[in-house]
Structure formats: C-alpha cells, structure tokens
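Student: Residue numbers (full-length UniProt numbering), protein chains in the order written: chain Y, 1 to 285; chain X, 1 to 321. After the structure tokens below, expect a handful of questions from me.
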C-alpha cells in the first residue's frame with residue numbers, strides 16, 4: 001500500500017482482518033505516523049493494539065492514536081450516518097497531523113454496519129467518493145475500508161470492489177517467485193499459486209501443518225493459480241489429509257483442467273481424503 | 001479366497017473353437033456367482049449374446065478398443081476390479097480379446113509386457129483371466145502369448161504352456177534390446193540446477209513448437225519432473241535431458257550415470273492404495289505417458305518418455321530457443 005491509497009479489505013473472519021489491519025496500525029505507530037480508527041470498540045480491543053506492549057494512553061494523549069467513536073466521526077445527533085461529516089472528520093484529522101508532528105496518517109473504519117442498514121449499500125457507494133477525496137490527493141494519507149464479506153454478501157462486496165483501487169489481502173506466508181503460499185479465510189485454508197515441486201515441498205508442508213493446527217475440519221486449497229504440482233506434491237497433500245482429525249478432507253478448489261486431468265489419471269482413489277471442490281471459476285462451498 | 005489366480009490363453013481359428021473355450025469359462029463363472037466380464041469386439045459381443053441367451057444377463061460386456069486403450073491404465077483398472085471383487089469375497093472373471101491389430105512395434109511390446117506382468121500383479125486376487133488370440137494375428141503375437149500365459153485353454157481342457165516365462169525374466173528380456181540412440185539434432189539440456197522450474201520451462205518451450213495438445217503438455221511436465229527428481233535423488237551426475245520428435249510421438253529422455261540395482265519393478269505394478277500414500281512415482285509416470293522405456297546398467301540409466309502427438313502433414317520447424 002502506498003500514500004494516497006484507499007484500500008478495501010473484505011475479511012471472512014477476525015483473524016484475517018487482524019492480519020491485515022494489525023500490521024497497518026502497528027507500522028504507523030512504530031514510525032511517527034498517526035492512526036485514525038473509527039470504531040465504537042475500545043482501543044485495547046482493536047487489531048494490532050490488543051495484547052500489545054504499547055502505552056495506549058500516551059499514544060492517545062499525543063494524538064498519534066485517534067480512536068473516534070462513530071458518533072464523534074460520522075453520525076448526526078439523532079444517530080443517522082452523515083457522509084459529509086465523515087469526510088470532514090477525515091479531512092480535519094489529516095490536516096492536523098502535520099502540525100502535531102506526524103509525517104503521515106493512516107485511517108480505517110469497519111463499514112459493514114453501514115451496508116447492513118436499509119439503503120446502506122447506496123449510501124456507502126456514494127460516500128466512497130468523498131472518502132477518496134479526503135485520502136487520494138494526499139501524499140501523506142492512506143485508508144482501509146473494512147468489510148465483513150459474510151455479512152455484506154458477495155454481490156455487494158463486488159460492487160464495492162469496483163470503487164476501490166486497492167484490494168487488501170493477507171501477506172503471503174511464502175513467496176519465492178515460483179510458488180506463493182497465502183492463508184485464506186473464506187473458506188479457510190491456503191491459496192497456492194505458481195509451481196510446486198520437490199524444491200518447495202517442505203515449505204508447503206510447514207504452512208499446511210500450521211493451518212491444520214489452527215482450525216478443525218476441512219482445509220481448502222485454492223489452486224486456481226497453481227500451474228503445476230508434481231507427483232511428490234500430490235503424495236504430500238494426501239499424507240497431510242490423512243492426518244486431519246475426524247475424517248476432515250483436503251479440498252482442492254478451482255483446479256485447472258489440465259492439472260485435474262493429471263490427478264484423474266493418477267487416480268483420486270490413490271489420494272484418499274483429497275478431493276476436488278469448487279470448479280474453476282466457481283464459488284467455493 | 002479358495003481359487004487360485006489363473007491366466008490362460010485361448011488360441012482360435014474360427015468362431016466355433018472360440019465358443020468351445022469361452023462358453024464353459026463364462027458359464028462356470030455365472031454359476032459360481034463370479035463377477036463376469038466379456039471384453040470383446042462388437043462382432044464377438046453379438047455372437048456371445050445370441051449363444052448365451054438368458055445367461056447373457058450374468059455377463060457385463062465391454063468393448064476391447066476402449067478397455068485396451070493404454071497398457072498401464074488397463075492394468076491399474078483391471079487390477080482394481082479384481083481386488084474389489086476379492087474384497088467382496090467374489091472372483092473376477094474376464095474373457096478378454098486384446099486389441100493387437102493397428103499397433104506399432106513398440107506398442108506391441110508394451111502390451112506383451114503387460115500380459116507377462118499380469119502374472120505377477122494379480123497373484124492373490126483369485127481372478128480368472130482368459131485371453132482369446134486369433135491365429136490370424138501375426139505369428140509373433142500368437143507365439144508370445146504362449147510365453148506370457150502359464151496355461152492354454154482348449155475346449156474344456158487346460159494345458160500348461162511349456163514355453164511360459166517367469167514375468168520378470170520376460171520383462172528383462174524385452175529390455176535387453178538396446179534403445180536406438182537419440183538423434184544428433186535432439187534438444188539437449190545438461191541438468192545441473194536442482195530447481196526443476198527451469199527444466200519445465202525448457203520442455204514447455206520445446207513442446208509448444210510441436211503439435212502436442214496443451215492438456216498433454218501438463219502430463220509430460222509431471223512425468224519429466226518425476227523422472228528428473230528421481231535422477232537427482234538416486235542417480236549420479238551428469239544428468240542430461242533430450243527432446244525430439246518421431247513420427248506421431250514426442251520423445252523426452254533423461255539419462256544419468258547411476259544404476260538401478262534393486263528390483264524396483266520399474267513402476268510396472270500399481271502400488272497398493274491403502275496403508276498411506278506410498279511412493280507411486282514411476283508407476284504414475286507410466287499412467288501419464290503413452291509409453292515409458294527404461295534401460296539401466298553399468299553404463300548408466302536411460303528413461304524415455306513417449307507421448308503421442310497428432311500427425312501433421314508438414315513437420316513443424318522446431319528451432320533452438
């Protein structure tokens with residue numbers, strides 16, 4: 001993410017949200033940047049601030065950390081959302097940052113609540129422009145608009161996607177230019193991109209075991225971007241699938257047809273508890 | 001499992017001889033509650049249905065051309081059926097009419113190899129396999145059938161084949177013939193980098209200039225990666241990859257200076273699926289390619305992978321990258 005960016009984060013669960021928003025907030029506080037977080041939650045329960053060693057009271061009094069309630073930031077006296085007030089708030093916080101001694105401002109708000117109100121989707125879309133104006137022209141501001149994908153629905157999320165230049169996602173756990181391994185949350189599992197062969201089996205194994213340890217049930221592998229998997233890789237997946245508790249499966253979503261063809265020839269029956277999931281281009285179950 | 005596995009050849013001249021051997025075989029199976037399959041040509045299928053009458057309901061019919069489409073896949077599928085039947089305390093009984101016509105010399109050898117290996121692979125399954133060979137086939141094919149089947153069926157009697165050869169000995173004999181050398185103008189890559197990504201890029205670059213379909217390219221890449229991975233792990237440098245085109249086939253060869261000492265089976269018998277995913281690399285390579293040729297000895301090891309390519313009237317130019 002770069003200064004002037006106004007990013008959208010669609011998250012499937014709080015772990016995914018925390019893994020994006022947490023570093024976003026922490027990086028600011030570690031480097032003389034100001035954080036504006038619009039939320040009704042207390043600071044100590046926010047991503048990146050929960051169970052951290054920072055002195056939150058001190059950060060608040062120095063105005064490096066601004067935790068603004070919705071009422072302060074964007075609601076009218078009667079509790080109705082006011083796009084103009086939100087834009088004013090963001091503009092004011094940005095303008096004051098320089099005088100307060102900070103070189104940049106990072107702003108974020110979870111907008112899911114807005115989307116779930118009557119007429120919400122239209123309001124959100126119409127105010128994205130104003131938010132954009134408060135952030136984009138600036139060389140010292142960045143913002144993340146957080147959306148709970150499950151609560152807002154994919155249709156609405158896709159509409160929002162079009163109005164954001166940057167779509168945020170969790171950093172890859174492994175990326176050597178040939179294979180990328182990234183944690184995914186809706187459904188839970190890993191996204192694999194590139195090519196998997198013996199040189200990278202140990203990396204996949206490590207991250208797969210970590211994912212398996214953190215959740216119960218099926219693990220999904222989004223392999224839409226996996227161009228190649230070797231026999232040893234399939235073997236490895238089958239071995240880990242066999243270790244899943246209570247009959248869980250390792251599900252390969254969005255398999256490329258030529259890769260699926262190879263697995264079919266080798267025989268799915270030889271890879272117990274490894275099974276195909278959503279088809280290429282289809283939605284994961 | 002009370003019955004022992006049997007693998008018999010039924011040579012025949014006319015439909016009469018054939019029925020004399022086939023009918024008792026099928027009827028015995030129907031009466032014993034076996035799972036009875038008849039894998040035949042369409043003409044034979046019609047003849048059997050007419051002759052069996054109501055008994056035909058106890059037989060599952062399949063077409064030879066589809067059943068005998070690919071040696072390794074045939075062996076894997078039929079063996080799986082035999083094992084499933086055995087697990088259900090039934091016997092698998094197959095009348096097979098293998099397809100021999102229109103096969104090239106290399107393909108013939110691979111099917112004869114499968115006939116021989118069948119004797120090792122099906123041990124313990126209790127399956128009964130009867131293979132019909134027309135005497136109108138080339139004499140070499142009929143003669144080889146006596147070496148790859150322990151017994152001959154003649155009417156209701158069974159005779160031991162004196163020329164029968166132990167499967168691994170037969171297999172070794174097939175591989176005693178040296179491979180013709182790779183063409184001088186083949187594409188050659190010395191493999192000294194452990195990252196196989198570059199080797200796949202090289203193979204892809206070659207294959208894209210040939211008529212090899214895109215789906216088959218993925219199979220080739222998986223097969224090459226497996227063979228090179230094995231050479232890097234168990235073989236000895238230098239390891240060399242060569243690629244060339246032959247009429248109707250793309251050939252990819254991997255050589256190294258190692259020697260396969262142990263009797264690995266060379267991936268000819270499908271590994272057992274149960275008890276965890278064992279190593280099934282070389283066997284999978286056989287499933288993915290049209291033909292796999294292996295030669296190993298003191299001078300080193302050569303693995304040649306062959307994939308069919310659609311015929312082209314004018315050979316496409318394959319230029320160096």
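Glycine included, every Cβ here is placed at the ideal spot set by N, Cα and C.
Considering residue 63 of chain X, what are the terminal residues of the beta strand (DSSP E) in which it resides?
Tutor: Run containing residue 63 of chain X: 59-63, per the beta strand (DSSP E) assignment.
Student: Kindly indicate if chain Y contains any beta-carbon less than 8 Å away from that of residue 322 of chain X.
Tutor: Nothing about residue 322 of chain X can be read from this structure; chain X reaches only from 1 to 321.
Student: Taking CB distances under 8 Å as the criterion, tell me whether residue 221 of chain X reaches chain Y.
Tutor: Answer yes: the Cβ-Cβ gap between residue 221 of chain X and chain Y drops below 8 Å somewhere.
Student: Hey, quick one: how far does the beta strand (DSSP E) through residue 107 of chain Y stretch, first residue to last?
Tutor: Unbroken beta strand (DSSP E) run through residue 107 of chain Y: 104-110.
Student: Enumerated in chain order, which unbroken segments of the beta strand (DSSP E) with a length of 3 residues or greater are wholly contained in the segment 80-156 of chain Y?
Tutor: You should have 104-110 and 141-148.
Student: Kindly indicate which three-state DSSP category residue 280 of chain X falls into: helix, strand or coil?
Tutor: It is coil, neither helix nor strand.
Student: How should residue 167 of chain Y be labelled, buried or exposed, when 16 other C-beta atoms within 10 angstroms of its C-beta is the threshold for buried?
Tutor: So residue 167 of chain Y ends up on the exposed side.
Student: When every heavy atom of the ligand SAM is checked, does at least one fall within less than 7 Å of the C-beta of residue 210 of chain Y?
Tutor: This structure lacks the ligand SAM; in fact it carries no ligand of any kind.
Student: Do the segment 245-257 of chain X and the segment 215-225 of chain X touch if we need at least three Cβ pairs shorter than 8 Å?
Tutor: Taking 8 Å as the limit for Cβ pairs, the verdict is that the segment 215-225 of chain X does touch the segment 245-257 of chain X.
Student: Count the other CB atoms, across all protein chains shown, that sit within 10 Å of the CB of residue 233 of chain Y; report buried if there are 16 or more and exposed otherwise.
Tutor: Result: buried.
Student: Figure out for me which residue from X:134, X:50, X:36 and X:135 has the closest Cα to the Cα of residue 91 of chain X.
Tutor: Taking only the C-alpha atoms, the option nearest residue 91 of chain X is X:36.
Student: By how many angstroms is the C-alpha of residue 126 of chain X removed from the C-alpha of residue 274 of chain X?
Tutor: Its pLDDT being 48, under 50, residue 274 of chain X is placed unreliably in this model, and the coordinates cannot settle the point.
Student: Answer yes or no: does any C-beta atom of chain X fall closer than 8 Å to that of residue 261 of chain Y?
Tutor: So yes, residue 261 of chain Y belongs to the interface.
Student: Taking residue 67 of chain X as the reference, give the member of X:52, X:135, X:48 and X:40 with the closest Cα.
Tutor: Out of X:52, X:135, X:48 and X:40, X:40 has the C-alpha closest to the C-alpha of residue 67 of chain X.
Student: Against residue 199 of chain Y, what residues of chain X qualify as contacts under a CB-to-CB distance less than 9 Å, listed in chain order?
Tutor: By Cβ distance, chain X contributes 194, 195, 196 and 197.
Student: In this structure, how does DSSP classify residue 202 of chain Y when only helix, strand and coil are distinguished?
Tutor: Three-state DSSP puts residue 202 of chain Y in a helix.
Student: In chain Y, which residues lie with their C-beta within 8 Å of the C-beta of residue 215 of chain X?
Tutor: Neighbours of residue 215 of chain X on chain Y, chain order: 257, 258 and 261.
Student: With 16 other CB atoms within 10 Å as the buried threshold, where does residue 139 of chain X fall?
Tutor: By the neighbour-count rule (16 or more Cβ atoms within 10 Å), residue 139 of chain X is not buried but exposed.
Student: Closer than 7 Å by beta-carbon distance: list the chain Y residues that pair up with residue 284 of chain X, in chain order.
Tutor: Ordered by position in chain Y, the residues that pass the 7 Å Cβ test against residue 284 of chain X are 231 and 266.
Student: Extract the residue ranges of the beta strand (DSSP E) inside the UniProt domain "Histidine kinase/HSP90-like ATPase" (199-306) of chain X, only unbroken runs of 3 or more that lie entirely within it.
Tutor: Listed in chain order, the complete beta strand (DSSP E) runs (minimum 3 residues) inside the UniProt domain "Histidine kinase/HSP90-like ATPase" (199-306) of chain X are 239-246, 249-256 and 291-297.
Student: Is residue 154 of chain X helix, strand or coil when you go by DSSP?
Tutor: In this structure, residue 154 of chain X counts as strand in the three-state DSSP scheme.
Student: To the nearest angstrom, report how far apart residue 136 of chain X and residue 209 of chain Y are at their CA atoms.
Tutor: Taking the straight line joining both Cα atoms gives about 60 Å.
Student: Once DSSP output is grouped into helix, strand and coil, what is the label at residue 86 of chain X?
Tutor: Three-state DSSP puts residue 86 of chain X in a helix.
Student: For residue 163 of chain Y, name the three-state secondary structure that DSSP assigns.
Tutor: Correct three-state label for residue 163 of chain Y: coil.
Student: With a cut-off of 8 Å, does the C-beta of residue 226 of chain X fall near any C-beta of chain C?
Tutor: Given the protein chain composition of this structure (Y and X), no chain C is represented.
Student: For residue 74 of chain X, write down the residues that DSSP places opposite it in a beta bridge.
Tutor: In the DSSP output, where bridge partners are listed per residue, residue 74 of chain X has none listed.
Student: Between the C-alpha atoms of residue 49 of chain X and residue 101 of chain X, what's the straight-line distance to the nearest angstrom?
Tutor: Using only the alpha carbons, I get a separation of about 24 Å.
Student: Can you check whether the CB of residue 249 of chain Y is closer than 8 Å to the CB of residue 242 of chain Y?
Tutor: Taking 8 Å as the Cβ cut-off, residue 242 of chain Y and residue 249 of chain Y do not qualify as a contacting pair.
Student: Hey, does residue 228 of chain Y have any beta-carbon neighbour from chain X nearer than 8 Å?
Tutor: At least one chain X Cβ lies under 8 Å of residue 228 of chain Y.
Student: Contact criterion: CB-CB distance below 8 Å. Does residue 275 of chain X meet it with respect to chain Y?
Tutor: Confidence at residue 275 of chain X is low in this model, with a pLDDT of 43, below 50, so its placement is unreliable and the value that follows should be read with caution. With 8 Å as the cut-off, residue 275 of chain X does not count as an interface residue toward chain Y.
Student: Which word fits residue 290 of chain X, buried or exposed, when buried means at least 16 other C-beta atoms lie within 10 angstroms of its C-beta?
Tutor: Flag for residue 290 of chain X reads buried.
Student: What residues in its chain sit with their C-beta under 6 Å from that of residue 127 of chain Y, if we drop five residues either side in the sequence?
Tutor: Result list for residue 127 of chain Y: 83, in chain order.
Student: In the DSSP output, what is residue 33 of chain Y paired with across the bridge?
Tutor: Residue 33 of chain Y is bridged to Y:104.
Student: Look up residue 170 of chain X in the DSSP assignment and say whether it is helix, strand or coil.
Tutor: If DSSP states are grouped into helix, strand and coil, residue 170 of chain X belongs with the helices.
Student: Assuming residue 66 of chain Y and residue 47 of chain Y make a contact with CB atoms under 8 Å, what is their CB distance in whole Å?
Tutor: At roughly 15 Å, the Cβ-Cβ gap does not stay under 8 Å, so residue 66 of chain Y and residue 47 of chain Y are not in contact.
Student: Per DSSP, what kind of secondary structure is residue 18 of chain Y in: helix, strand or coil?
Tutor: Looking at residue 18 of chain Y - three-state DSSP - the assignment turns out to be helix.
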